[in-house]
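*Asks:* Structure in structure tokens, see below.
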């Protein structure tokens, strides 16, 4: 029952585009999308117009190492899928339209090339991916499940395959796979219908094996125009072969030491070949290579080396090229649909894409001097960022612009302290800034009176590092054994500094390392008491230190590692610190004595590291840099917390709470369920931080309801919410009760604390106290929950569709209009994530502009604010509508649920401090007049209604992507009552909207997944065959399928980080059945609802049924 | 390596004084240029020489015979036990002949197996290591003396790529594949022998570090009605006695495990070459990083 919380990311990219050193390229068949993979593992989706304008749309996170190859993974044009593989053997299947990760897997070996191959048996079409890489076979993988089906194996001198091409035969059912191994042997496999149907792992042996003496082959491609020749490009020459018997037709050496890296036929008589440094050449093939010519094969057998065929065009790389740090990637694609462009695409290390459209005609000039082909279009990520107005916002840009300079100081390290809602940002100049996270995000994203104030929001700056801050750690967040005042920072000046965040005082400077600090970690719980009060620091001089915060000295320094440190693991019971280096060696240190116990390599090293994992399941380890590896960062910091929350039995949490008399321990569970988590990320170590705000809708709702329940006037608590909660989901109910209980406890604690603080202050002088309050305590003195809700609702509302409602939202509800369309993200299974780039709105403008085209009016950015996100993709729409409606409903049930007014300044339910004179701002009653109350409630209900039913009409169908029925159906029984209600309302509204025919289609689509069908048909998607479609059950509430426990599992949405990520690969098989079960449950809900609501219109079962 | 010491002290001194004076900056810049122009190429040359030597070890030709790899015989044994003995012929990455004697624990009878005439067994670990080295060499050869490095980042990128190939090459030799026993049974190695291996014997051949290893498992069938708790063993390089697995609906348990090995001298050489080259690469990266952290330095 984990992972079904609704989490929405919002990104603040900052002005610096992420590093995108392109390693692989793909152009989709419709020439509307270009996809690029980079060395750091991200994938960028670029939109392309028919006029070849390109614009980056989204960045996909999921791979931990360099992307080695990309390929399309579906043949249909309506559902575009692509697959990506990385250096470490990961493979991901993505939905191109919204960046959802559909499936992912990991093999031990790395792929270097993947080709999609659609194979047909009768009417049935199935996608296959042929993969080759650092292994001697060609693996045939299913294009939807990513399971290896069978492999193509060599009998004679098997070796790695360096390049491969598929020759499709239209006459027979046989297709040919031609591949060249690294040793220059050409191999041919025949895939027949029987072979394709094979499911077991029987290998298929090659049909033919012929040495063609092509050392270091870079690419082979088959001439699709004549189907009779084959182009083989090696680094020192390129050759054309007869595709029938593979005899050499011509061979062309490279000139002036250039290395060829690839080539392709662009016409029956022309080839394009490109070099490592990014130049391309188009050659006209000699007559001996042209099947249409009478001289075809006239040179076979003669050594035709040396003669260079006439050059038609040469395409040099740009003259003004920036310094590149590695060779660019070049690929050639031709459109299979309108417009039939022939495109040469190049991506380089600066994140720049360059396009050339290859004309079909030859230039008019004499062929002696090759014509230079002009660039059709070019853009880099940074250029796209620079073009935006306003420039993409960074999280603390308003506080970072120094007088006299344009550029804000880069944020180089950050940590979020959820208990205080504060974000700590370390910067390039060595200063550290503490700001309230929601306040600073509001400044960046929303318009309002705060725009006039300078230096808003109130913040604190810590100065101490002499140069860039490289890492930050708030140990109390990881373990309550640390003082909640201490913050630890590391810098490039080799120092680690301990701060008191309440006073801003520098407590201690550790100078023990001989290189910049790269990482700060917290040792696990069960270490010796001495070590428990240490933090572990890792530096670029390959040393590790244990710095005791209590003793203020370094208790151990493990240095002399030869290679950079990749991972730190712990063996607390043996008092061992285990250091894994980048070369695979492992050093085991005794923490107490600082002695090196042993240093091992190879299999023993792997075993030691694995043994540590077994001993400490939740060991704090960090591969590379904490912020670089997103998957880790996500699972460790933000989502793991949420997952843990769900995984632990909730009643144990309750007992823990009751047992915890220690104030600090009692605080702990609170952190694990936060409405807002700010996670800093960088795609490359050298990049400044960008920040992602994760909103957990469920947590926001719970916090809102808790605060409502704490209100001093109990009569105002809306009775429905309290009654509904325990009555609804039993788990949700008890959960809520715990929350409330805990919250009350905390409030009391906070009061006590505050009282103590106040007493301290009394001793200080009046003015100083004022300042102190506004500086440090003011950070606490705003209502975090309401602020979070305000930020979130303002971002989600579809502005500009109903001006009356907008007015109500701004003036009565206190929402703020965003500056520009907000970059949202989408989290899919296993911590994969897609984040919209700030430039996505350009694509959106173009798309929305189509409707108003005739007037020739260009839409301004402000006009698409808010509307935009509902036209991105169906999955995004579903998430956003669910969030906005469930939150609006929650707020509707609350007293004084507006974001304007005094109550925003303070957390509610704080009784007046005993003894202290009541401040004037607290005296006016927070409760406004009943008339006001009803107006506010009405505002929220209007807002909910607009998003629930009116949105499709207001936006127009061409600009609106309707929500996905299955995602709504899966939330029909959501744990959180408000989300559940929103999902139910939305599902009904959507079913009503799609009309009778739409409902019928839905029934036809989902009926095969109903349990009885699954029993009879093995693969439900295939053919629903004769079994009669059951008339959907008439009763509204869907009958529970088998076990209720399982049902909870099944509600897990594929959009949220599922529990699947925890599964070892061996459980893959089970996961497919898991998918099946989930589909069953979805079908039951969906058809049940249709039956109950629209039962009258359903025709009696048509027996001959669906084709 | 003296250079490193000089750089380090220079840099720390500069940061000591908080504001580097102009002369020192100029010197450092000059030094960095020297590093990019001279030192990098010197290291690359050295790397190339070492790796060429390593690559050569993978394909030692027979003198006199054109293009024929030299076959070498290895006698596998163990100092502590004599139940298993093997003589293997390695030709490049392929085992062309094998001769294995197994003494079964209870009886005095010695089982004798050889490779079938038509069969050879390729050691994928060796081929992979060789291919990775060749790829590293290819990367290095694309940046010869005539190439002018312009940034440290460029050198780092190249070093990262080379180091990745080298680490993989070394890891292929140092970490043999972990397999479950049913996986091992299905590798086809069992079908290589004449006379055919009996059902209660399994063998595994692999490289661990510089050693050619032969593991022999003696199995016994678990009765279906056995009271023993059946728990299939996971993946491992070498399974211990007592490990259980299921194959074709029959449950087996490992009775005895015998491991014999023999050092392949040229594999040992290549491992040493890999280690040296990896260290050279890392040292070059460290040198670059000393400068780059200096260039980033900006006193506030």
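Chains as they are written, first to last, in our numbering: chain A, 3 to 1109; chain B, -7 to 292. Ideal Cβ placement from N, Cα and C applies to all residues, glycine included.
1) Using a Cβ-Cβ distance cut-off of 7 Å, determine whether residue 100 of chain B contacts chain A.
2) Within 8 Å, do at least three Cβ pairs link the segment 208 to 226 of chain A to the segment 159 to 168 of chain A?
3) Would you call the segment 31 to 38 of chain A and the segment 336 to 355 of chain A in contact, with 3 or more CB pairs under 8 Å?
4) According to DSSP, residue 336 of chain A sits in a beta bridge with which residue or residues?
5) Kindly indicate which three-state DSSP category residue 223 of chain B falls into: helix, strand or coil?
6) Going residue by residue through the segment 28 to 72 of chain B, where are the continuous beta strand (DSSP E) segments of at least 3 residues, counting only ones entirely within it?
7) Tell me which same chain residues have a C-beta within less than 6 Å of the C-beta of residue 386 of chain A, skipping the five on either side of it?
8) Just to make sure I have the definition right: I need the residues of chain C whose C-beta is within less than 8 Å of the C-beta of residue 168 of chain B. Which are they?
9) In terms of residues, what are the limits of the beta strand (DSSP E) holding residue 168 of chain A?
10) Where DSSP assigns a beta bridge to residue 69 of chain A, which residues make up the other side?
11) Can you pull the chain A residues whose beta carbon is under 7 Å from the beta carbon of residue 145 of chain B, in chain order?
12) Can the beta-carbon of residue 273 of chain A be found less than 7 Å from the beta-carbon of residue 233 of chain A?
13) Is residue 418 of chain A buried or exposed, if buried means 16 or more other CB atoms sit within 10 Å of its CB?
14) Where residue 802 of chain A and residue 794 of chain A are concerned, what is the direct C-alpha to C-alpha distance, given to the nearest angstrom?
15) Would a check of beta-carbon distances place residue 878 of chain A closer than 7 Å to chain B?
16) What residues in the segment 509 to 524 of chain A bring their beta carbon closer than 7 Å to a beta carbon of chain B?
17) Anything in the segment 157 to 188 of chain B with a Cβ closer than 8 Å to a Cβ of chain A? List those residues in chain order, please.
18) For residue 51 of chain A, which option in A:113, A:342, A:106 has the closest C-alpha, if you only look at C-alpha atoms?
19) Residue 146 of chain A: beta carbon under 6 Å from a heavy atom of the ligand SAM?
20) Taking its Cβ as the centre, do 16 or more other Cβ atoms sit within 10 Å of residue 791 of chain A, making it buried, or is it exposed?
21) Output, in chain order, the set of chain A residues within a Cβ distance shorter than 8 Å of residue 229 of chain B.
22) Within 7 Å of any Cβ in chain B, is that where the Cβ of residue 276 of chain A sits?
23) Run through the DSSP bridge pairs and tell me what residue 463 of chain A is partnered with.
24) Consider the Cβ of residue 270 of chain B: report whether some Cβ of chain A lies at a distance smaller than 7 Å.
25) Taking C-beta pairs closer than 8 Å, name the residues in chain A that residue 41 of chain B reaches, listed in chain order.
26) Of all the beta strand (DSSP E) runs that stay within the bounds of the segment 495 to 536 of chain A, which reach a length of 3 or more residues?
27) Tell me, to the nearest whole angstrom, how far the beta carbon of residue 1099 of chain A is from that of residue 998 of chain A; I am working on the premise that it is less than 8 Å.
28) For residue 295 of chain A, go through chain B and note every residue whose CB falls closer than 8 Å to its CB, in chain order.
29) For residue 43 of chain A, which residues from the same chain have a beta carbon less than 7 Å from its beta carbon, with the 5 sequence-adjacent residues on both sides left out?
30) Starting from residue 123 of chain B, follow the alpha helix (DSSP H) in both directions and report where the run begins and ends.
31) Can the beta-carbon of residue 32 of chain B be found closer than 7 Å to that of residue 147 of chain B?
32) Residue 53 of chain B to residue 833 of chain A, Cα distance in whole Å?
33) If you draw a straight line from the C-alpha of residue 589 of chain A to the C-alpha of residue 194 of chain B, how long is it?
34) Pick helix, strand or coil for residue 1090 of chain A, following the three-state DSSP scheme.
35) Considering only DSSP beta bridges, list what residue 77 of chain B is partnered with.
36) Would you call the segment 371 to 382 of chain A and the segment 401 to 414 of chain A in contact, with 3 or more CB pairs under 8 Å?
*Replies:* Quick answer:
1) no
2) yes
3) yes
4) A:344
5) coil
6) 63 to 68
7) 58, 841
8) The question asks about chain C, but that chain is absent: this structure's protein chains are A and B.
9) 163 to 169
10) A:88
11) 327
12) yes
13) buried
14) 17 Å
15) no
16) 518
17) 159, 160, 162, 163, 166, 167, 168, 169
18) A:342
19) Absent from the structure shown: the ligand SAM. Ligands present: none.
20) buried
21) 605
22) no
23) A:435
24) yes
25) Those do not exist, as residue 41 of chain B stays about 20 Å from chain A at its closest Cβ, beyond 8 Å.
26) 498 to 502, 507 to 512, 519 to 523
27) 6 Å
28) Within chain B, no residue comes near residue 295 of chain A; the closest Cβ sits about 36 Å away, beyond 8 Å.
29) 65, 66, 67, 68, 69, 88
30) 116 to 133
31) yes
32) 51 Å
33) 35 Å
34) helix
35) B:93
36) no
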